[in-house]
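**Student:** After the C-alpha coordinates below, expect a handful of questions from me.
Numbering (my numbering), first residue to last: -19 to 139.
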(Lines of atoms letter the chains of each structure in order from A and count residues from 1; the text may use other names and numbers.)
(Lines give C-alpha, C1' and ligand atoms only; values in the text may rest on other atoms or scores of the structure.)
Protein backbone atom coordinates (compact mmCIF):
# COMPACT_ATOMS: atom_id res chain seq x y z
CA UNK A 1 0.00 0.00 0.00
CA UNK A 2 1.76 3.06 -1.30
CA UNK A 3 0.66 6.65 -0.90
CA UNK A 4 -1.92 7.70 -3.50
CA UNK A 5 -1.77 11.01 -5.34
CA UNK A 6 -4.57 13.45 -4.49
CA UNK A 7 -7.11 13.90 -7.25
CA UNK A 8 -7.58 17.65 -6.68
CA UNK A 9 -6.26 20.49 -4.54
CA UNK A 10 -8.03 21.72 -1.46
CA UNK A 11 -10.50 24.48 -2.33
CA UNK A 12 -11.43 27.53 -0.31
CA UNK A 13 -15.15 26.60 -0.32
CA UNK A 14 -14.32 23.23 1.27
CA UNK A 15 -12.80 24.99 4.26
CA UNK A 16 -14.03 23.92 7.72
CA UNK A 17 -13.78 26.28 10.67
CA UNK A 18 -13.18 25.92 14.38
CA UNK A 19 -16.21 25.55 16.67
CA UNK A 20 -17.44 28.74 18.33
CA UNK A 21 -17.36 27.32 21.90
CA UNK A 22 -19.76 30.02 23.12
CA UNK A 23 -19.41 30.74 26.83
CA UNK A 24 -21.58 32.55 29.36
CA UNK A 25 -19.80 35.82 30.23
CA UNK A 26 -20.70 39.41 31.06
CA UNK A 27 -18.53 40.99 28.37
CA UNK A 28 -20.19 40.04 25.07
CA UNK A 29 -17.86 39.17 22.21
CA UNK A 30 -19.17 38.47 18.70
CA UNK A 31 -16.75 38.05 15.78
CA UNK A 32 -17.56 38.43 12.09
CA UNK A 33 -16.47 35.85 9.55
CA UNK A 34 -16.22 36.65 5.84
CA UNK A 35 -18.00 34.04 3.77
CA UNK A 36 -18.34 33.30 0.07
CA UNK A 37 -19.66 36.25 -1.91
CA UNK A 38 -18.51 38.75 0.72
CA UNK A 39 -21.35 37.79 3.05
CA UNK A 40 -20.83 37.79 6.80
CA UNK A 41 -21.53 35.29 9.54
CA UNK A 42 -21.58 36.35 13.15
CA UNK A 43 -19.94 33.96 15.60
CA UNK A 44 -20.79 34.49 19.28
CA UNK A 45 -17.84 33.69 21.54
CA UNK A 46 -19.25 35.13 24.78
CA UNK A 47 -22.90 35.91 25.55
CA UNK A 48 -24.99 37.05 28.50
CA UNK A 49 -28.41 37.45 26.84
CA UNK A 50 -30.49 35.91 24.07
CA UNK A 51 -33.85 35.72 22.34
CA UNK A 52 -36.10 33.12 23.96
CA UNK A 53 -39.49 31.91 22.73
CA UNK A 54 -42.51 30.89 24.78
CA UNK A 55 -44.02 28.34 22.41
CA UNK A 56 -47.52 27.98 23.86
CA UNK A 57 -48.02 31.78 23.88
CA UNK A 58 -46.27 32.32 20.49
CA UNK A 59 -44.03 35.15 21.70
CA UNK A 60 -40.31 35.81 21.80
CA UNK A 61 -38.55 38.06 24.28
CA UNK A 62 -34.94 39.11 24.81
CA UNK A 63 -33.83 37.88 28.22
CA UNK A 64 -30.69 37.72 30.34
CA UNK A 65 -29.00 34.31 30.71
CA UNK A 66 -28.28 33.57 34.37
CA UNK A 67 -26.67 30.12 34.39
CA UNK A 68 -26.12 26.86 32.51
CA UNK A 69 -27.78 24.07 34.51
CA UNK A 70 -27.84 20.96 32.28
CA UNK A 71 -26.16 19.60 29.19
CA UNK A 72 -26.74 16.07 27.88
CA UNK A 73 -23.31 16.01 26.21
CA UNK A 74 -21.16 16.20 29.35
CA UNK A 75 -20.89 17.71 32.81
CA UNK A 76 -17.77 19.58 31.72
CA UNK A 77 -19.99 21.74 29.49
CA UNK A 78 -21.94 22.76 32.61
CA UNK A 79 -18.76 23.51 34.56
CA UNK A 80 -17.30 25.66 31.76
CA UNK A 81 -20.74 27.29 31.14
CA UNK A 82 -20.74 26.42 27.44
CA UNK A 83 -23.83 27.62 25.55
CA UNK A 84 -24.53 25.04 22.85
CA UNK A 85 -27.61 23.69 21.08
CA UNK A 86 -29.62 21.52 23.47
CA UNK A 87 -28.19 23.09 26.66
CA UNK A 88 -30.66 23.94 29.44
CA UNK A 89 -30.24 27.41 30.94
CA UNK A 90 -31.89 29.52 33.60
CA UNK A 91 -33.03 32.88 32.27
CA UNK A 92 -34.53 36.00 33.82
CA UNK A 93 -38.33 35.74 33.87
CA UNK A 94 -39.18 39.46 34.10
CA UNK A 95 -39.65 40.14 30.32
CA UNK A 96 -42.17 37.28 30.14
CA UNK A 97 -43.90 38.31 33.37
CA UNK A 98 -44.30 41.89 32.09
CA UNK A 99 -45.70 40.65 28.76
CA UNK A 100 -48.11 38.30 30.55
CA UNK A 101 -49.47 41.14 32.68
CA UNK A 102 -49.84 43.41 29.66
CA UNK A 103 -51.64 40.67 27.69
CA UNK A 104 -53.89 39.07 30.34
CA UNK A 105 -53.87 41.46 33.31
CA UNK A 106 -52.62 38.67 35.59
CA UNK A 107 -49.51 39.34 37.65
CA UNK A 108 -47.45 36.12 37.52
CA UNK A 109 -45.41 35.31 40.59
CA UNK A 110 -47.59 37.43 42.86
CA UNK A 111 -46.72 36.55 46.45
CA UNK A 112 -50.02 37.58 48.07
CA UNK A 113 -53.50 38.47 46.88
CA UNK A 114 -53.05 41.89 48.53
CA UNK A 115 -50.24 42.88 46.11
CA UNK A 116 -51.68 45.63 43.93
CA UNK A 117 -50.52 47.41 40.80
CA UNK A 118 -50.24 51.21 41.25
CA UNK A 119 -51.64 52.25 37.84
CA UNK A 120 -55.30 52.89 37.10
CA UNK A 121 -56.81 50.50 34.58
CA UNK A 122 -59.18 51.70 31.84
CA UNK A 123 -62.49 49.97 31.09
CA UNK A 124 -61.40 49.06 27.55
CA UNK A 125 -58.31 47.30 28.94
CA UNK A 126 -60.43 45.41 31.49
CA UNK A 127 -62.80 44.32 28.70
CA UNK A 128 -59.87 43.14 26.56
CA UNK A 129 -58.40 41.15 29.48
CA UNK A 130 -61.79 39.57 30.21
CA UNK A 131 -62.07 38.29 26.62
CA UNK A 132 -58.58 36.73 26.81
CA UNK A 133 -58.86 35.13 30.27
CA UNK A 134 -59.62 31.67 28.82
CA UNK A 135 -56.16 31.51 27.14
CA UNK A 136 -54.29 32.61 30.26
CA UNK A 137 -53.85 29.21 31.94
CA UNK A 138 -50.23 28.14 32.45
CA UNK A 139 -48.65 25.14 34.17
CA UNK A 140 -48.07 25.23 37.92
CA UNK A 141 -44.36 24.37 37.51
CA UNK A 142 -43.82 27.32 35.19
CA UNK A 143 -45.68 29.65 37.52
CA UNK A 144 -43.45 28.53 40.41
CA UNK A 145 -40.34 29.22 38.31
CA UNK A 146 -41.59 32.72 37.45
CA UNK A 147 -42.29 33.35 41.13
CA UNK A 148 -38.61 32.61 41.82
CA UNK A 149 -37.53 35.04 39.09
CA UNK A 150 -35.84 32.34 36.97
CA UNK A 151 -37.22 30.17 34.17
CA UNK A 152 -35.62 27.07 32.64
CA UNK A 153 -35.05 27.36 28.88
CA UNK A 154 -33.53 25.02 26.29
CA UNK A 155 -31.38 26.29 23.41
CA UNK A 156 -33.04 25.16 20.17
CA UNK A 157 -30.63 26.80 17.69
CA UNK A 158 -26.87 27.15 17.48
CA UNK A 159 -25.74 30.32 19.28
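Glycine included, C-beta positions come from ideal geometry on N, C-alpha and C.
Go ahead and label residue 48 buried or exposed: buried means 16 or more other beta carbons lie within 10 angstroms of its beta carbon, across all protein chains shown.
**Tutor:** It is buried - the Cβ of residue 48 has at least 16 other Cβ atoms within 10 Å.
**Student:** Would residue 45 be called buried (16 or more neighbouring beta carbons within 10 Å of its own) or exposed?
**Tutor:** So residue 45 counts as buried.
**Student:** When burial is assigned at 16 or more other CB atoms within 10 Å of the CB, is residue 76 buried or exposed?
**Tutor:** It is buried - the Cβ of residue 76 has at least 16 other Cβ atoms within 10 Å.
**Student:** Compute the distance between the beta-carbons of residue 74 and residue 129, then report whether it is under 9 Å.
**Tutor:** Yes.
**Student:** State the beta-bridge partners of residue 31 as determined by DSSP.
**Tutor:** Answer by DSSP bridge pairing, in chain order: 42.
**Student:** Using the three-state DSSP reduction, which class does residue 20 fall into: helix, strand or coil?
**Tutor:** It is a strand residue.
**Student:** Note down, one range per segment and in chain order, each beta strand (DSSP E) of at least 3 residues found wholly within the stretch 101 to 137.
**Tutor:** The qualifying runs are 130 to 134.
**Student:** Helix, strand or coil for residue 77 per DSSP?
**Tutor:** Correct three-state label for residue 77: helix.
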